[in-house]
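Peer 1: Residue numbers (our numbering): 11 to 277. Built from N, CA and C at the ideal position, the CB exists for glycine as well. All of these numbers come straight from a predicted model, not from anything done at the bench. My structure is below; once you've seen it, I'll send some questions.
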């Protein structure tokens with residue numbers, strides 16, 4: 011005999027909130043080894059000058075009218091001449107870009123080049139000078155359980171760091187989810203070429219485009235989305251795309267095609 015118990019909604023709500031409280035408490039009580047804490051402190055000092063908050067104005071069109079969307083995201087200076095790596099969905103096609111350094115200095119910038127298929131873009135700082143920059147690491151060396159740090163400007167707040175571990179080195183969005191749940195940008199299916207680094211370092215709106223760092227302070231990913239876990243574009247892809255965008259302002263890809271010809275014999 012099947013027994014069904016009906017609980018009052020108020021009790022269910024309290025149970026749910028209690029579960030959330032316990033989950034938060036468990037996370038907050040995670041034991042951080044002392045050497046990890048020291049590494050985080052060192053990385054914070056090292057990486058902070060290279061992290062920027064990005065404010066962009068992106069045009070969109072609806073019913074024949076232009077709509078200006080204001081977007082806030084994160085980025086990393088990856089070249090001493092002021093090239094900033096971020097997500098395409100943060101700065102792609104932007105008509106106005108402003109970057110805010112960790113010192114609070116505001117510098118005008120512009121959308122330099124981008125690649126919707128990998129959701130990566132380059133923004134160029136307009137002020138001519140040498141900037142502190144972050145270096146890329148090898149994302150293929152990441153293993154499940156490795157400590158990682160997510161840097162950025164969540165909800166347009168000042169730069170911050172969050173700590174977590176790699177949970178999945180080849181995160182994909184399951185096919186059972188609807189098309190609307192997939193990562194599509196300007197008709198390009200990002201998930202067709204990207205397998206994300208899944209990690210549990212908390213990221214929020216505004217963290218997009220910010221770096222995922224290893225304990226050497228190297229970029230091993232570019233944070234892009236949160237789908238249960240946080241998802242970052244592997245640095246081995248990001249580095250290659252960024253270098254080509256800086257050099258050529260576009261990505262050249264090979265393709266396969268078949269042309270079919272039919273011949274008619276007239277008698």
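1. Take the Cβ of residue 140 as the centre, count every other Cβ of all protein chains shown within 10 Å, and call the residue buried at 16 or more, exposed below.
2. When the Cα atoms are used, what is the spatial distance from residue 258 to residue 101?
3. Are the beta-carbon atoms belonging to residue 155 and residue 175 less than 7 Å from one another?
4. At what residue ranges does the segment 59-132 contain a whole run of the alpha helix (DSSP H), taking only runs of 4 or more?
5. Please classify residue 182: is it buried, with 16 or more other beta-carbons within 10 angstroms of its beta-carbon, or exposed?
6. Report the residue ranges of all alpha helix (DSSP H) runs contained in full by the segment 198-257; include only those spanning at least 4 residues, in chain order.
7. So what does DSSP say about residue 263, is it helix, strand or coil?
8. Looking only at DSSP bridge pairs, what is residue 178 linked to?
9. DSSP on residue 183, reduced to helix/strand/coil?
10. Find out if the Cβ-Cβ distance for the pair residue 248, residue 152 is shorter than 7 Å.
11. List the endpoints of the continuous beta strand (DSSP E) containing residue 286.
12. So, helix, strand or coil for residue 150, using DSSP?
13. Are three or more beta carbon pairs between the segment 42-49 and the segment 59-70 nearer than 8 Å?
14. Please state the DSSP three-state secondary structure of residue 46.
15. Quick one: Cα of residue 227 to Cα of residue 52, how far?
16. Is it right to say residue 71 is buried, meaning 16 or more other beta carbons lie within 10 angstroms of its own, or is it exposed?
Peer 2: If we stick to the structure as given:
1. Your numbering for residue 140 matches position 130 in the chain shown. Exposed is the call here.
2. Counted from its first residue, the chain shown places residue 258 at position 248. Counted from its first residue, the chain shown places residue 101 at position 91. Residue 258 and residue 101: Cα-Cα distance of roughly 18 Å.
3. Numbered from its first residue, the chain shown carries residue 155 at position 145. Numbered from its first residue, the chain shown carries residue 175 at position 165. Yes, the pair counts as a contact, with Cβ atoms nearer than the cut-off.
4. 98-101
5. Translated into positions along the chain shown, residue 182 becomes position 172. Label assigned to residue 182: exposed.
6. none
7. Against the chain shown, residue 263 aligns to sequence position 253. It is coil, neither helix nor strand.
8. Here residue 178 corresponds to residue number 168 of the chain shown, with the count starting at 1. Paired residue(s): 208.
9. The residue given as residue 183 occupies position 173 in the chain shown. Reduced to three states, the DSSP call for residue 183 is coil.
10. For the purposes of this step, residue 248 is taken as the residue at position 238 of the chain shown. For the purposes of this step, residue 152 is taken as the residue at position 142 of the chain shown. Their beta carbons are not under 7 Å apart, which means residue 248 does not touch residue 152 by this criterion.
11. The structure shown does not extend to residue 286, since the chain is modelled only from 11 to 277, so the question has no answer here.
12. Taking the first residue of the chain shown as 1, we reach residue 150 at position 140. Note: residue 150 maps to helix in three-state DSSP.
13. no
14. Here residue 46 refers to the residue found at position 36 of the chain shown. It is helical.
15. Within the chain shown, numbered from 1, the residue matching residue 227 stands at position 217. Within the chain shown, numbered from 1, the residue matching residue 52 stands at position 42. Going from the Cα of residue 227 to the Cα of residue 52 covers about 8 Å.
16. To locate residue 71, count along the chain shown from 1; it is residue 61. It counts as exposed.
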